[in-house]
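For the record, the sequence lines run as chains V and H.
When the letters of the first sequence are read in order and numbered with this note's numbering, they come out as residues 9 to 120.
When the letters of the second sequence are read in order and numbered with this note's numbering, they come out as residues 28 to 144.
Backbone N, C-alpha and C fix where the C-beta goes; we use that ideal spot for every residue, glycine too.
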Amino acid sequence: EPEVTQTPSHQVTQMGQEVILHCVPISNHLYFYWYRQILGQKVEFLVSFYNNEISEKSEIFDDQFSVERPDGSNFTLKIRSTKLEDSAMYFCASRQAGFEQYFGPGTRLTVT
Amino acid sequence: AQKITQTQPGMFVQEKEAVTLDCTYDTSDPSYGLFWYKQPSSGEMIFLIYQGSYDQQNATEGRYSLNFQKARKSANLVISASQLGDSAMYFCAMREGQLRSQGNLIFGKGTKLSVKP
């Protein structure tokens with residue numbers, strides 16, 4: 009069964025460093041999302057991406073965040089200058105034209 | 028105001044019994060979708076069930092069913108015949124607007140379900 013994959017599973021970085029989180033959505037899906045979940049809290053929407061552009065973003069998704077779909081398969085989230093409060097699980101999700109969003113296994117980002 | 032409210036931070040259920048996890052939502056959009064996801068201790072988010080606002084019948088998927096009461100704005104998840112593997116966090120989520128919209132999900136705070144042998 010096709011699935012969303014994310015790499016790395018765990019990323020440790022120092023405050024102020026740039027990180028790039030990688031996602032490979034399900035191949036025939038059209039809509040792509042990033043969410044984050046701070047430890048023990050609820051999942052929060054960051055950004056949605058469709059037709060090679062950002063379609064919606066939350067107030068969390070400020071200028072230090074960016075997304076890219078550099079080729080036909082990858083979907084990346086870049087955090088330019090990480091802060092301690094960026095430590096969280098980051099989930100990529102995708103969907104086709106239907107309702108269900110399929111989530112990847114997540115990348116745990118730890119900022120020290 | 029919270030868009031998705033899950034009032035039960037934690038629930039216990041005996042193996043093989045049924046359990047209901049509560050979810051209420053708040054939206055003025057006539058078109059919306061309601062989802063339940065399971066998050067085991069390993070951290071991944073597993074889609075369980077979906078209910079559209081215009082669906083006439085309650086959604087069912089195997090042992091999962093969604094008790095959709097539109098007038099009360101509730102979308103409770105019912106798990107029948109609980110299994111030890113059902114122990115996990117369960118999140119209720121909502122998508123507002125037509126399907127052609129981008130459809131980001133709004134999540135509740137979750138309910139931690141523990142199944143006792």
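Item	Value
Name, please, each residue of chain V whose Cβ falls closer than 9 angstroms to the Cβ of Phe74 (chain H).	Glu108, Gln109, Tyr110, Phe111
Excluding five sequence neighbours on each side, which residues of the same chain lie with their C-beta closer than 8 angstroms to the C-beta of Ile76 (chain H)?	Phe62, Trp63, Ala86, Thr87, Glu88, Tyr91, Ser92, Leu93, Leu104
Could you give the first and the last residue of the continuous beta strand (DSSP E) run that contains Thr118 (chain V)?	115 to 119
What's the gap between the Cα of Arg103 (chain V) and the Cα of Gly124 (chain H)?	16 angstroms
Taking C-alpha atoms, which residue in H:Asp82, H:Val46, H:Thr138, H:Cys50 lies nearest to Cys29 (chain H)?	Checking the sequence shown, residue 29 (chain H) turns out to be Gln, not Cys. Of the listed residues, the one whose Cα sits closest to Gln29 (chain H) is H:Cys50.
I'd like the span of the beta strand (DSSP E) that includes Arg122 (chain H), first residue to last.	115 to 123
Provide the residue(s) that pair with Val105 (chain H) in DSSP beta bridges, ordered along the chain.	H:Thr47, H:Ser92
Expressed to the nearest angstrom, what Euclidean distance is found between the alpha-carbon atoms of Tyr110 (chain V) and Ala115 (chain H)?	18 angstroms
From the DSSP output, read off the bridge partner residues of Thr21 (chain V).	V:Val119
If the criterion is Cβ atoms closer than 9 angstroms, does the pair Thr120 (chain V) and Val20 (chain V) meet it?	yes
Quick one: does Ser66 (chain V) have its CB under 9 angstroms from some CB of chain H?	yes
Starting from Ala96 (chain V), follow its DSSP beta bridges and name the residues at the other end.	V:Leu117
Within 10 angstroms of its Cβ, does Leu111 (chain H) collect 16 or more other Cβ (buried), or is it exposed?	exposed
Could you say which of V:Glu67, V:Glu93, V:Tyr58, V:Ser66 lies nearest to Glu76 (chain V) if we only look at CA atoms?	V:Tyr58
Which residue's Cα is closest to the Cα of Tyr98 (chain V): V:Glu26, V:Pro78, V:Phe53, V:Asp79?	V:Phe53
Which residues mark the beginning and the end of the beta strand (DSSP E) in which Ile68 (chain V) is found?	Careful: Ile68 (chain V) lies outside any beta strand (DSSP E) and carries neither H nor E.
Let me confirm a value: Tyr41 (chain V) is counted as buried when at least 16 other C-beta atoms fall within 10 Å, else exposed. Which label applies?	buried
Within the continuous beta strand (DSSP E) that includes Ser35 (chain V), where are the two ends?	Premise fails: Ser35 (chain V) is in no beta strand (DSSP E) and is neither H nor E.
Out of H:Ser141, H:Ile133, H:Glu71, point me to the one whose CA is closest to Tyr59 (chain H)'s CA.	H:Ile133
Give me the Cα-Cα distance between Ser107 (chain H) and Ser81 (chain V), rounded to the nearest whole angstrom.	38 angstroms
Mapping the DSSP letters down to three states, classify Gly112 (chain H) as helix, strand or coil.	helix
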